[in-house]
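The numbering of the sequence shown is our numbering, which starts it at 89 and goes up by one. Even for Gly, the Cβ is constructed at its ideal location relative to N, Cα and C. What follows is a single structure, written as structure tokens, with notes after it.
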Amino acid sequence: MKTLPGKELAAAIRAQTQAEAAAGRQPRLAVVVATADEASLWYVRSIAKAAAGVGIACDLVDLGPGATPDQIGETLARLSADANVHAVMLQTPLPEGASAQELAGAIDPRKDVDGANPLSLGRLAAGLPAFPPATAAAVMALLDHYEVELEGRRTVVVGRSTVVGKPLAHLLLDRNATVTVCHSRTRDLASVTSTAEVLVAAAGRAGLVGAAHVAPGAVVIDVGTNPTEDGGLTGDVASDEVAGVAGALTPVPGGVGPVTTALLLRHTARAANLP
89 MKTLPGKELA AAIRAQTQAE AAAGRQPRLA VVVATADEAS LWYVRSIAKA
139 AAGVGIACDL VDLGPGATPD QIGETLARLS ADANVHAVML QTPLPEGASA
189 QELAGAIDPR KDVDGANPLS LGRLAAGLPA FPPATAAAVM ALLDHYEVEL
239 EGRRTVVVGR STVVGKPLAH LLLDRNATVT VCHSRTRDLA SVTSTAEVLV
289 AAAGRAGLVG AAHVAPGAVV IDVGTNPTED GGLTGDVASD EVAGVAGALT
339 PVPGGVGPVT TALLLRHTAR AANLP
């Protein structure tokens, strides 16, 4: 089985982003945080560090876990109206009672570099210009990097979130793949996924996809980032089981994740140079 790491691709995207950032106005990304979740805080700090490495300014706007939905929405609207801020991102999880989907509507679509605003998702579904969610875009970038043919191929996406599953289905359809979306209510999941030539696991359930779910020789993209008891990460794919069946598999960590962060920064650089 071939392994499909994302580090080389992520490095190439960062180099391109650094050149774009240096050629125009300095991009500025604002990340709004309203949580005490350490994993989430670690992630936004890693974004800030990566941003600095490519010449992008990154402001972490920490509202604290006690922030109200109104406070979060007002902050997003204020940043969207600030001409010195070119990109706005809302980090999850959010305090109880706060809906990420509803609050993301306060982000200007031109600054919505993680494709969270329903308007961005609608434009994506209609085939109009919009920033796609970075994780969904990362899956497509990896498939292209490894020259995985999509046109006409049977492709199954496990997961229907607005962060990965739904937008990814539209991106795949735009490339003429034949797409099936599965979810928690899908009956006999393995009978569907085992027909896929390209299988994307994005359900957020550790080890959900085993050998019985994979067709011989299939390309498997594992989007899962599930925390383990020892502080590590594991994917949605039981990699040890699938290794003897799949033709190719992305690792966790080191697969989709690095490309996602790199694309988020590339979106930021491009948002800064929109006319």
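Check: Using 8 Å as the threshold, is the region 149 to 157 in touch with the region 207 to 214, meaning 3 or more CB pairs across them?; Outcome: no
Check: Looking only at C-alpha atoms, which of Trp130, Ala289, Ala138, Asp125 sits nearest to Arg116?; Outcome: Ala138
Check: Which of the three DSSP states is assigned to Met89 in this structure?; Outcome: coil
Check: So what's Leu260 in DSSP terms, helix, strand or just coil?; Outcome: helix
Check: Quick one: give me the first and last residue of the alpha helix (DSSP H) that Val347 is part of.; Outcome: 344 to 360
Check: Start and end of the alpha helix (DSSP H) containing Ile309?; Outcome: Taken as a continuous stretch (DSSP letters only), Ile309 belongs to no alpha helix (DSSP H), being part of the beta strand (DSSP E) at 307 to 310.
Check: Tell me which same chain residues have a C-beta within less than 6 Å of the C-beta of Leu287, skipping the five on either side of it?; Outcome: Val244, Thr281, Ala306, Val308
Check: Could you name the residues of the same chain whose beta carbon sits closer than 8 Å to that of Ala145, not counting the 5 residues immediately before and after it, in chain order?; Outcome: Gln114, Pro115, Arg116, Leu117, Ala139
Check: Report the rounded CA-to-CA distance for Leu340 versus Asp170, giving the unit in angstroms.; Outcome: Sequence check: residue 340 is Val here, not Leu. Approximately 37 Å between the Cα atoms of the pair.
Check: Just list the beta strand (DSSP E) runs in the region 93 to 165, keeping only unbroken ones of 3 residues or longer that don't cross its boundaries, in chain order.; Outcome: 116 to 121, 145 to 150
Check: Less than 8 Å between the CB atoms is what I'm expecting for Leu164 and Val176, so what's the real figure, rounded?; Outcome: 6 Å
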